[in-house]
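Notes follow once the structure below has been shown.
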Amino acid sequence: MLDFLWLIPALPLLSACVLGVVGWRLSKRVICTLGVGSVGLSFAASLGMAWAFFQLAPEQIPIRSSYFTWLAAGNFQVEVGFYLDQLSLLMVLVVTGVGWLIHIYSIGYMAHEGGTYRFFAYMNLFTFFMLLLVLAGDYALLFVGWEGVGLCSYLLIGFYFLRDSASDAGKKAFIVNRLGDFGFLLALFLLFRTFGSLDFDTVFGRAAVLPAESFSPGQAGVLTAIALLLLVGAIGKSAQLPLYVWLPDAMEGPTPVSALIHAATMVTAGIYMIARSHILFAHAPLALAAVATIGCLTAFYAATIGLVQTDIKKVLAYSTVSQLGYMFLGLGVGAFTAGIFHLMTHAFFKALLFLAAGSVIHAMNGQQDIGKMGALRRKIPYTYWTFLIATLAIVGAPGFSGFFSKDEILWRTFETGNQVLWLLALVAAALTSFYMFRLVFLVFHGQARYTPETARQIRESPRVMTWPLVALAVLALAGGWVGIPAALGGANRLARFLEPVFASSHALVQAQGQTILHSHEWELALMGLTALLAATGMGVAYAIYILNPELANNLAQTLRRPYQVLVRKYYVDELYFAAVVRPLHWLSERVFWQAVDVRIVDGAVNATASRARDLGRWARRLQSGNARSYAAWVVVGAVVILSYFVFS
Amino acid sequence: MSEWIGRHPELLVAGLKAGVLIFVLLTAVAYMVWFERKLIAHIQSRWGPYRVGPHGLLQPLADGLKFLFKEDIILTNVTSRFVYLFAPFLSLALALLAVAVIPFGPEEFELLGTRTGFYVADINVGLLFVLAVTSLGVYGVVLAGWSSNSKYPLLGGLRSAAQMISYELALTFAVVGVLLLAGTLSLREIVAGQSGTWAGFLPRWHVFPQFVAFVCFFVAGVAETNRTPFDLPEAESELVAGFHTEYSSLKFAMFFMAEYAHIITTSLLVTILFFGGWLSPFPDTAAWNFTRFLPSVLTAVLALLFFRDAFRLTNQYHRVLTFLICMGLAGLAFLLLHPTALILAQGPFWLLAKTGMFLFVFVWTRATLPRFRYDQLMAFGWKLLVPLAVLNVFVTSFVVAWRAD
Amino acid sequence: MSAEHWLFFFFAGVAVLGALNLILQRHPIHSALSLILVMASLAVLYLLLGAEFIAAIQIIVYAGAIMVLFVFVIMVLNAGEEERTSLSRVAKFVGLPLAAVFLVEVCYVLYRAWPSEQMVVPERFLGRTEDIGKALYGEFLLPFELTAILILIALVGAVVLAQKEP
Amino acid sequence: MHVPLSYYLILSAILFGLGVLGFLLKRSIIAIFMSLELMLNAVNLSFVAFSYAWQQISGQIFVFFVIVVAAAEAAVGLAIIIMIFRNRASLNIERINLMKL
């Protein structure tokens, strides 16, 4: 069974090729069948793999299957091989499962769009690359998947390439990701230079025996450097500070894309990568701390921006950023399991949120401004209830999936004695619940802020869209139950499942971090606190947006300055434009173009050309067309050759 | 110089033989004209020349004198004076040159202390030599026609150039058939190869197995010599006199002699290639031994004829002349009875006899056949003769190969 | 001075003079005639070198066919004396001196490579026709056939080229 | 007393040189063509001389081939010359220095 591991990524790739090459002449039905069926099959395959995986004895894990040598240059060898352990299995299941649901949803969502074959070809290709990424057996192959998902994200963000904003957003995503990838590449070079290989086993095996490096930047060693560079890559891919700017704009793409790529799977590649190289990070406390700090700051920062956004997808985008920040935090404090746990749950509820939002937009036929919605509860019940469940999940309402994962992160943060980060994360949680419920209330409650004829057109989405919502709602609700902490009498199965992967690092981190007050009571207390805060946020949102809606505007009036700052997202885009884009423009235009290119490059080329022309002008006399002259030249040549033979 | 020649008698002998041959040939040419006129006259039931000498036998001398004394017109507006003057010499020289390698008899004899035979040069590529010389023959005509700077000669020259080149192909291909049988290029050996008989009486001449080749060769030869029915280069009715329209007196005579020399050469070649050259047509057995006396007998008969004329003729001078000729022939007949002469005379006699037959055919055709049209000429050459000759070569080579193993 | 010397020097002189005449004569016909002269004398030299078949071929093909074609074309085109244009300074000021140099060099090389000890003995004939025939149809069969095809192609090409435009 | 072989070779060299001179000097295409033939003949002479020197028949075979090829060349070349004359009404090679009509 496990010998057919390659089948999982191969199926989407196959259908992607078929759709990409001959898709334009296939009927919509065939296209949908192919695009969805391939992912469904690969989901089934991964389920089979999982079943087979559970049969294995612990010492057989991880499974390595090498297929062929991709690169062989000197002692640099890259095997195309897969690496299946608990972590990658989990990722595979998430990617294929959630991906499959989203594919199904897309059938309905894209029903009225053109270029369905393009859409599904890209989606399948993305699925392939994502699976390649999570199954990769070494950093090189992982990087291939890494770049591949970046490419697909670019293609899908710019799916409506007739809209300038869409194509710009695609470019923006691509370019910003390049910055991160640059760091990633440097990390790879450094890895190879240090360990002489990019293979996971080799790298981790050699890294494990090294001593943990010191925290102080002064004595930090190569591992820290590697980890930090990897972190840069992760930051770019997972939209952390300061490279998060591409994600909100990425909402230009179709909503299923946002759900699949920019919520559930791709943006979590960074988290996966860090988790995958947990050993390196565990040996680099400084890098680990950096991860935690950046994650926490991002969580808080994005939450604040989310407060005031009026575009339903933008809000979700910022919440995604902030949730990713939570995951970083979890990884950063050494709670790799927690990070992955939150990754999984987040995949469920955030995908659900996006899909529900998509269904809202679908119902409002294209309207994304929450200021023009409201009172949709009755009109689109499925969407409403699923959205509500997802919201509860994300704000961490007790019992919902988000509750367990987020609380585990918070608790481990507190436990490892990062009180500041913990506090920040806590506030962020409150803010999260506020803006999420603000969203709920503005969209589904209150009075309708649209014209009656719009109201008449509002319909619930077709089944093909609503059933994935329901399925995801179930997951969002119950997905967390695999990780009920011991404090609640649960047996945190997920943690035990993943333990073999992270055991060493956990131990290492435990050894470093001083753990204070390690008791269930505290944990329970903190849980209560978070729940309370979540409820508070919800209450505030209720007060503001339901009880007296004008209060919102008054607040905006009174706190105009901070409000503006938030609306303009801390002027970060402007800042980047001023600090990065404008200088780059100037440099490229004045220096590289007008000076280097025109003067030097073109100058050299033109000079060559003109020299050649002069030569031709001179040599043209040989070609007088006069045969006797030609004969004379022939004689010259003969004499030269003969003289050479005579006098040598 | 003289003692150098003394050291190289063969040169002197060669020169001697060449001189004799040229004299004989020119005389033959002259009397060929007489023969032609007489024959055509009789074919047309006329008398032909009979005033100058008995039976007009002195006519050739008269003609020669006439040519000598005619005004020698040298055009002033010729395209190239040198070529204009050079052309007739060239054609005559080449016509005479071809005869140099023709062997007249098998026997060898001592001359000035060097063994030699009835030939000027016996080179073992004689046939190639003849072909080469004949292939050069076209120049005389072409150059003459071109250098005369006049319409008719130019047309004649062009025609003859095309015609000669075209028919040279057929000629050569026809020869190849013979070569395949003979397996040598030396004329002497070719003739020697034809000695003997099939079935005791039929001489092993090439004409029997190579009849097609013989026809092709003869027709092509007629064409090569610009004789009717192929005399377009000098078609009186169309081109006045063709390529030698602008030539007069001796230069015209040269062309004239060249043409008749060509005729003789061609007849000689046909005889040698196809009719066993100097070989007697009779089997070489005791029963046929008496045929060795044929030369002297025929000479005697001729002498008797002249003897009768000596009384029938009315003109006194003619009577005297005829009587002298009769005496000479009778002496020759007696001389030929001498054993050595008997042996030596056999070859030349038969060769010349057969050649005379072909000369007769030449004249005969001229007297009977009309002239071709130009396109007919080309079509005949390219579409009939050449394919026929090639086919013959194929068949012959197959047969030879088949007989070889 | 033996007879061979006489023959060689006589015909060599004739050949050289003919070649010179070819260059000096301004009328194509005269050039053609002098070229024929050269060929004929070369044929004699071939005989001296014992290549009787080549000699015969030289006369039959070269003088008897190729040059006839030349003369024929000259007559058809009625080519007059060539005009003395000198548009190619290169040919005059570069080509001619260098041609002389070339000639000298070649003679030098040949004389160095073939000292005059090696004599030509006329008795040693080797170019007998049957030898050449055997060589042509044995060792050189393929080139021979190829030349046949070449001739055919040239024939067709000439016909196509020279025919009047329909 | 025989003739040295080198005489033949030098004679062929001289003829070849004269051919080159003719090629350079003559203006009429036909004359140039003839000088070409002259060069070929010179080469033939050296071929025959060499074939004599080494008592090998192949030299004469080459001469044979050269002659055959020369025949083909003459046929085509003269046809071309006729074409040129038709189109240009001139045989002067210096008047034919354009590669188009």
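Residue numbers (this note's numbering), protein chains in the order written: chain A, 1192 to 1839; chain B, 7 to 411; chain C, 12 to 177; chain D, 657 to 757.
Glycine included, each C-beta is placed from N, C-alpha and C at the ideal position.
So which of the options has the shortest CA-CA distance to residue i?
| i | options | result |
| --- | --- | --- |
| GLU1304 (chain A) | A:TYR1351, A:HIS1636 and A:SER1279 | A:TYR1351 |
| LEU187 (chain B) | B:PHE179, B:LEU193, B:GLY199 and B:ARG194 | B:GLY199 |
| ILE1649 (chain A) | A:GLY1681, A:ALA1529 and A:ASN1556 | A:ASN1556 |
| LEU338 (chain B) | B:LEU300, B:GLU16 and B:LEU319 | B:LEU300 |
| SER97 (chain B) | B:GLY54, B:THR234 and B:MET260 | B:MET260 |
| PHE1605 (chain A) | A:ALA1483, A:GLY1670, A:SER1468 and A:PHE1783 | A:ALA1483 |
| GLY168 (chain C) | D:HIS658, D:PHE672, D:ALA669 and D:MET739 | D:MET739 |
| PHE718 (chain D) | C:ALA173, C:PHE155, C:VAL170 and C:ILE164 | C:PHE155 |
| LYS1541 (chain A) | A:MET1240, A:LEU1520, A:LEU1507 and A:LEU1479 | A:LEU1507 |
| MET1282 (chain A) | A:SER1815, A:ALA1667 and A:PHE1532 | A:PHE1532 |
| ALA1475 (chain A) | A:VAL1700, A:LEU1210 and A:VAL1756 | A:VAL1700 |
| THR272 (chain B) | B:THR361, B:PRO287 and B:ARG409 | B:THR361 |
| TYR125 (chain B) | B:LEU357, B:LEU391 and B:GLY387 | B:LEU357 |
| ALA66 (chain C) | D:GLN711, D:ILE752 and D:VAL704 | D:VAL704 |
| TRP1337 (chain A) | A:PRO1447, A:ARG1781, A:ARG1369 and A:GLU1712 | A:ARG1369 |
| ALA1667 (chain A) | A:VAL1524, A:ASN1745, A:ASN1683 and A:SER1596 | A:SER1596 |
Taking the alpha-carbon positions, what's the residue i to residue j distance?
| i | j | result |
| --- | --- | --- |
| ARG139 (chain C) | PHE64 (chain C) | 7 Å |
| TYR1821 (chain A) | LEU107 (chain C) | 13 Å |
| LEU1723 (chain A) | LEU1601 (chain A) | 14 Å |
| GLN65 (chain B) | LYS72 (chain B) | 10 Å |
| TYR1492 (chain A) | LEU1679 (chain A) | 31 Å |
| ALA76 (chain C) | PHE378 (chain B) | 24 Å |
| VAL181 (chain B) | ALA219 (chain B) | 7 Å |
| LEU279 (chain B) | LEU193 (chain B) | 8 Å |
| SER1206 (chain A) | ALA1732 (chain A) | 46 Å |
| SER1153 (chain A) | THR1260 (chain A) | What the structure shows of chain A is the stretch from 1192 to 1839, and residue 1153 (chain A) is not part of that stretch, so it cannot be assessed. |
| THR1528 (chain A) | SER1468 (chain A) | 13 Å |
| GLY61 (chain C) | THR120 (chain B) | 24 Å |
| VAL144 (chain B) | PHE92 (chain B) | 13 Å |
| ASP1355 (chain A) | VAL1335 (chain A) | 29 Å |
Tell me residue i's beta-bridge partners as DSSP assigns them.
| i | result |
| --- | --- |
| GLN352 (chain B) | GLN352 (chain B) is not bridged to any residue. |
| GLU114 (chain B) | B:GLY123 |
| TRP204 (chain B) | B:LEU208 |
| ASP1854 (chain A) | Because chain A is modelled from 1192 through 1839, residue 1854 (chain A) falls outside the range shown and cannot be assessed. |
| VAL1269 (chain A) | A:LEU1262 |
| LEU1275 (chain A) | A:ILE1254 |
| ASN748 (chain D) | D:SER684 |
Would you check if the distance between the CB atom of residue i and the CB atom of residue j is smaller than 8 Å?
| i | j | result |
| --- | --- | --- |
| ALA104 (chain B) | VAL131 (chain B) | no |
| LEU1534 (chain A) | LEU1488 (chain A) | no |
| VAL19 (chain B) | MET86 (chain C) | no |
| GLU265 (chain B) | SER154 (chain B) | no |
| TRP284 (chain B) | GLY111 (chain B) | yes |
| ALA1725 (chain A) | GLY1590 (chain A) | no |
Helix, strand or coil for residue i per DSSP?
| i | result |
| --- | --- |
| ASP290 (chain B) | coil |
| ALA1248 (chain A) | coil |
| PRO235 (chain B) | coil |
| ALA1235 (chain A) | helix |
| ILE129 (chain B) | coil |
| PRO1433 (chain A) | coil |
| VAL659 (chain D) | strand |
Within 8 Å of any Cβ in chain F, is that where the Cβ of residue i sits?
| i | result |
| --- | --- |
| ILE65 (chain C) | Included in the structure are the protein chains A, B, C and D, with no chain F among them. |
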